[in-house]
Ligand code: DON
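Residue numbers (our numbering): 26 to 586.
As structure tokens, this is what we get:
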């Protein structure tokens, strides 16, 4: 710690238990040290420990994800999927796609009843909502870029699961509010169900999960996708309407994909390509906003918000129409992010009034509106960077825990367009490009992003939040590049969100009222949301000073090597 030349603890909460000596560290400034920013102090610490033992950013991000699967069960996972964007200090870029896939028995209309009505309860809750988990395959694909053995990366998570850890106030409240769901969607009890309500400091021990992690430690990929764990998962499917088979699990493979890259005002932005819409949306929104010289304005000014919202509207209309798994559809990425296409798209923009959503895309059906996922940003002392966003989709995913194996399963099937025009749990609509087919990956909004200057990473950023993910990352990039704000202001300033449909613009509760009122006068429909996202940002200055900020909205925390 003595080499940290400046460090601020904005909020400190001491937890009482085995893992007691932990503080939530919101902001750190450091040089020549690796840092990990994640949704939970124990997970950030697990990553930092790996950096201290000689691991690089890719080792650390794997250890952090395993630890999150234990200490942050609402979103951390081995039963879900995610995306990694990596940029090495050599400038080499890569992405790993460990998005879930539809089971082989999945069909186009599996959530549509005989009267043609979509049943989103089935795509969101219980065993039929589960896609083939990709995370463990993703961790193995990532560790090719690391240097420590997987057995070492997984050990902190095993210790946390076996010995237990103190739950935070926020996790206790969520476990309590989901108790009825855990009971409804599971046929036996599990570590997350307790007679008395959970309270901060209670110890959560996960013996079954520890055993599953030990199987992965011993048998590698086969410890998850074959053998006992796979059999327990399939047995869990059979306790209800699940359709995942042993063959589905054995066949799952994470994919490496070429990163989506583009230039923005002298920086190079590296983000996630399809099957996440995140990178395309980010490119479209930034480029459209640049037609209006956004740098002339200030964060959350009326005109700046108007420009950004209108770019969001047009980009999300394209998401609904064109985006899906590139292995199944014609990939139109290059066209969608071309200046020519976007300039044309921007012609209908006017400062005089809001553009009606019906003018920028084909509306099939009016969607309902609605609202876990988590992001990790890492940089090591050699300058290798990793941005990972990983998810179970909803809070605790499908709410189904694999009995005997102790982990939550995702409800990612809901990210498919279950029927054209029917919104998913984030209000996103889609069509044929994102329809269900066996082995297909469902479209995502996750946007792990690394920004480069002179070929070297200087910003590592991402957030959870469903469809608010790309719009939040967009705000982060604009804050830093256009408005020249620091990481703390960018992460913690109130955010806004628009996604074409519904037509409303959402503002975080402490957003400047004057801006909202001016936008309303221009015809924007607005609503207030409690919170948007949990952004984890690492920012480097030209002298190599690192400024790492964990979002103030949650238990998110920075750990230093
Ligand atoms: O992949 C996606 O876009 C969604 N499944 C992410 C869900 C999410 O971020 C939920 N978090 N609040």
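By construction, the Cβ of each residue, glycine as well, lies at the ideal position given by its N, Cα and C atoms.
Worksheet item: Just to confirm, does residue 158 get its C-beta within under 7 Å of one of the non-hydrogen atoms of the ligand DON?
Response: no
Worksheet item: In chain order, what residues of the same chain have a beta carbon less than 7 Å from the beta carbon of residue 408, not counting five sequence neighbours either side?
Response: 114, 481 and 482
Worksheet item: Measuring from the CB of residue 494, is there a heavy atom of the ligand DON at a distance below 7 Å?
Response: yes
Discussion item. Measuring straight from C-alpha to C-alpha, what distance separates residue 515 and residue 495?
Written reply: 15 Å
Worksheet entry | Contact set for residue 334: own chain, Cβ-Cβ below 6 Å, skip 5 residues either direction | 523 and 530
Practice prompt. Check whether the Cβ of residue 349 lies closer than 7 Å to any heavy atom of the ligand DON, and answer yes or no.
Written response: no
Worksheet item: DSSP on residue 460, reduced to helix/strand/coil?
Response: coil
Discussion item. How far does the alpha helix (DSSP H) with residue 303 in it extend, from its first residue to its last?
Written reply: 303-315
Worksheet item: CB-CB under 6 Å to residue 564, same chain, minus the five flanking residues each way: which ones, in chain order?
Response: 484, 512 and 572
Discussion item. Using a Cβ distance threshold of 8 Å, determine whether the stretch 324-339 contacts the stretch 278-290, with at least three qualifying pairs required.
Written reply: no
Discussion item. Strictly by DSSP, which residues pair up with residue 139?
Written reply: Residue 139 is not bridged to any residue.
Practice prompt. State the Cα-Cα distance for the pair residue 479 and residue 292, rounded to the nearest angstrom.
Written response: 8 Å
Discussion item. When you compare the CB positions of residue 268 and residue 476, do they come within less than 8 Å of one another, or not?
Written reply: no
Discussion item. I need the boundaries of the beta strand (DSSP E) containing residue 495, first residue and last residue.
Written reply: Unbroken run through residue 495 is the alpha helix (DSSP H), 493-506; no beta strand (DSSP E).
Practice prompt. Measure the alpha-carbon distance for residue 536 versus residue 347 and round it to whole angstroms.
Written response: 32 Å
Worksheet item: By how many angstroms is the C-alpha of residue 434 removed from the C-alpha of residue 155?
Response: 6 Å
Fill in: Contact under 8 Å by Cβ, residue 420 with residue 356
no
Discussion item. I need the straight-line Cα distance from residue 540 to residue 55, nearest angstrom please.
Written reply: 36 Å
Worksheet item: Alpha carbon to alpha carbon, what distance is there between residue 138 and residue 577?
Response: 43 Å
Worksheet entry | CA-to-CA distance, residue 228 to residue 173, given in whole angstroms | 30 Å
Fill in: Buried versus exposed, by CB contacts within 10 Å (16 or more), residue 39
Bear in mind that a pLDDT of 38 at residue 39, under 50, signals an unreliable position, so the number given afterwards is only what the model happens to contain. Counting Cβ neighbours within 10 Å, residue 39 comes out exposed, since fewer than 16 surround it.
Item to complete: Would you list the one or two residues that DSSP bridges to residue 109?
Response: 121 and 413
Worksheet item: Using DSSP with H/G/I as helix, E/B as strand and the rest coil, what is residue 67?
Response: helix
Discussion item. Measuring only the C-alpha atoms, how far is residue 273 from residue 506?
Written reply: 44 Å
Discussion item. List, from N- to C-terminal side, the alpha helix (DSSP H) runs of 4 residues or more that fit wholly inside the stretch 364-393.
Written reply: 364-371
Fill in: Continuous beta strand (DSSP E) assignments of at least 3 residues falling wholly in the stretch 184-244
none
Discussion item. Can you tell me whether residue 288 is helix, strand or coil according to DSSP?
Written reply: strand
Worksheet item: Considering only the beta carbon of each residue, do residue 148 and residue 504 sit closer than 8 Å?
Response: no
Fill in: Secondary structure of residue 447, DSSP reduced to three states
coil
Worksheet item: Any idea what DSSP makes of residue 557, helix, strand or coil?
Response: coil
Worksheet item: Taking the C-alpha atoms as reference points, what is the distance between residue 160 and residue 466?
Response: 13 Å
Item to complete: Would you mind stating whether residue 61 and residue 73 have Cβ atoms separated by less than 8 Å?
Response: yes
Item to complete: Report, in whole angstroms, the separation of the C-beta atoms of residue 472 and residue 414, which I expect to be a contact under 8 Å.
Response: 7 Å
Worksheet entry | Alpha carbon of residue 135 to alpha carbon of residue 527, nearest angstrom | 25 Å
Practice prompt. Express the C-alpha separation of residue 302 and residue 363 in angstroms, rounding to a whole number.
Written response: 15 Å
Worksheet item: In whole angstroms, what is the alpha-carbon distance linking residue 126 and residue 464?
Response: 5 Å
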